[in-house]
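Position 69 of the sequence shown, counting from 1, maps to 69 under the UniProt record's numbering, and the rest follow consecutively.
Glycine residues also receive a C-beta, built at the ideal position from the N, C-alpha and C atoms.
Read the structure below first, then the notes.
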Amino acid sequence: MTQTSLARFDITAEQIAYVVDIFYARVRGDAVLGPVFSAHVEDWPEHEALITRFWRNAILREKCYGGNPMRVHVSRPDVRPEHFAIWLGLFHEVLQAELPERTALQWGALADRIGEGFRTGIVAMRQPKNAPPKLF
């Protein structure tokens with residue numbers, strides 16, 4: 001496999017795109033996540049390309065993504081903290097089915113950190129200003 005010297009682990013851009021494609025096919029069929037995504041994603045190929053760039057930036061450090069995913073997730077009230085466990089479960093299933101074990105574990109660990117960051121960020125940002133903090 002070819003990778004940049006700054007890559008977090010051994011994976012290609014093509015493998016990232018492949019995993020994203022398979023994953024979002026699963027999301028569209030999920031009873032909980034499918035309707036949430038369908039309410040916001042109008043162009044699936046465009047969305048998948050955006051998320052592929054996100055992962056290429058996060059894993060290969062290609063500097064090809066410039067969005068603010070936390071703001072996007074927080075701005076959609078139907079995206080709930082409990083959705084992230086479902087999202088991560090599906091993502092891990094796809095990683096384990098489509099990648100070598102070591103790569104799946106490495107990407108899965110990164111996805112867990114990012115997903116937990118989104119989940120806790122959504123909880124914190126949606127709390128009333130004078131409410132006591134929620135303990136996780």
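Collapsed DSSP secondary structure at residue i in the structure displayed
{"i": "V57", "result": "Checking the sequence, you will find Asn at residue 57 rather than Val. In the structure shown, N57 sits in a helix (DSSP, three-state: H, G or I)."}
{"i": "Q127", "result": "coil"}
{"i": "R113", "result": "helix"}
{"i": "S38", "result": "helix"}
{"i": "E14", "result": "helix"}
{"i": "E62", "result": "coil"}
{"i": "G67", "result": "coil"}
Inter-residue CB distance, residue i and residue j (contact presumed, cutoff 8 Å)
{"i": "G66", "j": "W87", "result": "Wrong, their Cβ atoms sit about 22 Å apart, outside the cutoff."}
{"i": "F23", "j": "V94", "result": "5 Å"}
Residue i versus residue j: straight-line alpha-carbon distance, rounded
{"i": "A49", "j": "L60", "result": "15 Å"}
{"i": "S38", "j": "R28", "result": "7 Å"}
{"i": "L99", "j": "V36", "result": "27 Å"}
{"i": "L6", "j": "T120", "result": "28 Å"}
{"i": "residue 178", "j": "R113", "result": "With the chain running from 1 to 136 in the structure shown, residue 178 is simply not present."}
{"i": "L105", "j": "V20", "result": "16 Å"}
{"i": "N130", "j": "Y18", "result": "45 Å"}
{"i": "V41", "j": "E14", "result": "23 Å"}
{"i": "E46", "j": "A124", "result": "30 Å"}
{"i": "V32", "j": "T52", "result": "22 Å"}
Residue i vs residue j beta-carbon contact at 8 Å
{"i": "F84", "j": "F54", "result": "no"}
{"i": "L90", "j": "R8", "result": "no"}
{"i": "P81", "j": "I122", "result": "yes"}
{"i": "T103", "j": "I16", "result": "no"}
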